[in-house]
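Going down the list, the protein sequences come from chains A and B.
Mapping the first sequence onto this note's numbering, position 143 (from 1) lands on 216, and the numbers just tick up by one.
Mapping the second sequence onto this note's numbering, position 1 (from 1) lands on 74, and the numbers just tick up by one.
2 protein chains.
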Amino acid sequence: MISPEIEQLMMNKKKTMVIPADNVANVMKENPLEHALLVLSQVGYSSIPVLDKDDRFVGLLTLTDVVSKMMELDEIDSDNLSQFTVADVMQTDIGTITEKSDLEDILHLLVDANYLPVLDEKGLFKGIITRREILKAVNHTFHEFNKETKIEPKILLQVSADQ
Amino acid sequence: MISPEIEQLMMNKKKTMVIPADNVANVMKENPLEHALLVLSQVGYSSIPVLDKDDRFVGLLTLTDVVSKMMELDEIDSDNLSQFTVADVMQTDIGTITEKSDLEDILHLLVDANYLPVLDEKGLFKGIITRREILKAVNHTFHEFNKETKIEPKILLQVSADQ
Chain A
74 MISPEIEQLM
84 MNKKKTMVIP
94 ADNVANVMKE
104 NPLEHALLVL
114 SQVGYSSIPV
124 LDKDDRFVGL
134 LTLTDVVSKM
144 MELDEIDSDN
154 LSQFTVADVM
164 QTDIGTITEK
174 SDLEDILHLL
184 VDANYLPVLD
194 EKGLFKGIIT
204 RREILKAVNH
214 TFHEFNKETK
224 IEPKILLQVS
234 ADQ
Chain B
74 MISPEIEQLM
84 MNKKKTMVIP
94 ADNVANVMKE
104 NPLEHALLVL
114 SQVGYSSIPV
124 LDKDDRFVGL
134 LTLTDVVSKM
144 MELDEIDSDN
154 LSQFTVADVM
164 QTDIGTITEK
174 SDLEDILHLL
184 VDANYLPVLD
194 EKGLFKGIIT
204 RREILKAVNH
214 TFHEFNKETK
224 IEPKILLQVS
234 ADQ
């Protein structure tokens, strides 16, 4: 379990932790792979969320997977990419969270993922939480913790007494 | 400043934080871009350190940069990739650290980078510190901090008194 004081400090940054769906580039699972490669190349990210027609999250498309498919086809050639769709190459075994997920679960999942898709109860894509935003919150927490121990030593006494 | 208690907990994991150079795939700056794309595709990473002939770190090659170059050449075609070298495309403005770098600097740099090259005083490539390993250490720290407040409340009292 994460201590309540640390969780509280991390949660100070919660509002800016989730990057909302409107600010996250995505592709549709029916998109031809050639189109998806163009999008990935333009946004400059190494992976991108895949949605279905109803805005439900269905997987992640990574640049590595597209390039591997390309090289599998005909050494390094992409002419045939357009015969495949995003659904043919995307990864579907992806850890996701909801807006109510525990910080502990989020931190655990981010050990193995650059970002986590945030879904609502219907599976609709609401945004992402990235390692970048979490690391910003960690920096904030590590610094504030020090400040708080200076300013309010009684908080620490209470913690000890309660446990 | 990061509190000494938190720094100490993070440093418990220091030995496993650095992935040594021997375990990190790399490319040489003289390599043809086509070869580099093969290596990147095989290792499955979205970027890779670039070294010179003396094992000095000179930059990072990202899959995005190779694919962008490829598309720039002739829509999506890679036939001409072999006329370019890694040095033509690599990024050189990369934050690096040494084995003596402060945790604070490391955490700050990792907000904007997936991993940091670790160099010695001569610029030789010694390994990398990744967000993944740092997040493992953060998880450890957040949990241990809680345990320590339970087991040894006096530690906290001392901290408060010292400050």
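Beta carbons: idealized from backbone N, C-alpha and C, even for Gly.
If one requires a minimum length of 4 residues, the alpha helix (DSSP H) runs lying completely within the stretch 114-169 of chain A are 136-147, 159-162, in chain order. At least 8 Å separates the beta-carbon of lysine 209/A from that of lysine 102/A. In the three-state reduction of the DSSP assignment, methionine 101/B falls in the strand class, which pools E and B. A residue is called buried once 16 or more other Cβ atoms fall within 10 Å of its Cβ, and valine 116/B, having fewer, is exposed. When DSSP states are grouped into helix, strand and coil, threonine 89/B belongs to the helix group.
Taking all protein chains shown into account, serine 114/A has 16 or more neighbouring C-beta atoms within 10 Å of its C-beta and is therefore buried. When the alpha-carbon of phenylalanine 198/A is set against those of Leu189/A, Met90/A, Glu80/A, the nearest one is in Leu189/A.
In this model, leucine 146/B and leucine 133/A are separated by some 27 Å (Cα to Cα).
Within its own chain, the residues whose Cβ lies closer than 6 Å to the Cβ of leucine 136/A, once the five positions on either side in sequence are excluded, are Leu113, Ser119, listed in chain order.
Boundaries of the beta strand (DSSP E) harbouring leucine 189/A: 188-192, taken from the DSSP string. Close partners of valine 184/A in chain B (Cβ separation under 8 Å): Arg205, Leu208, Lys209, Asn212. With 16 or more other Cβ atoms inside 10 Å of its own Cβ, threonine 203/B counts as buried. Non-local C-beta neighbours of valine 100/B in its own chain, meaning closer than 7 Å and more than five positions away in sequence, comprise Ala109, Val112, Ile121, Val123, Leu134, Val159, ordered along the chain. Contact between isoleucine 92/B and threonine 214/B is ruled out by a C-beta separation of about 19 Å, above the 8 Å threshold.
Following the DSSP letters along the chain, one finds isoleucine 179/B inside the alpha helix (DSSP H) bounded by residues 176-183. Around the beta-carbon of glutamate 217/B, 16 or more other beta-carbon atoms lie within 10 Å, marking it buried.
Contacts with chain A (Cβ-Cβ distance below 7 Å) from the stretch 127-145 of chain B involve Leu136, Thr137, Val140, Ser141, Met144, listed in chain order. Note on glutamate 206/A: 16 or more other CB atoms within 10 angstroms of its CB, so buried under the neighbour-count rule. Under a 10 Å Cβ-count criterion, glycine 168/B is classified as exposed, with fewer than 16 other Cβ atoms of the shown protein chains found around its own Cβ. The residue among Glu107/A, Met90/A, Met74/A with its C-alpha nearest the C-alpha of glutamine 156/A is Glu107/A. Glycine 196/A and valine 184/A have their C-alpha atoms spaced approximately 23 Å apart. In this structure, methionine 144/B sits away from leucine 154/B, with a CB-CB distance that is not shorter than 8 Å. Beta-bridge pairing by DSSP links phenylalanine 198/B to Leu192/B.
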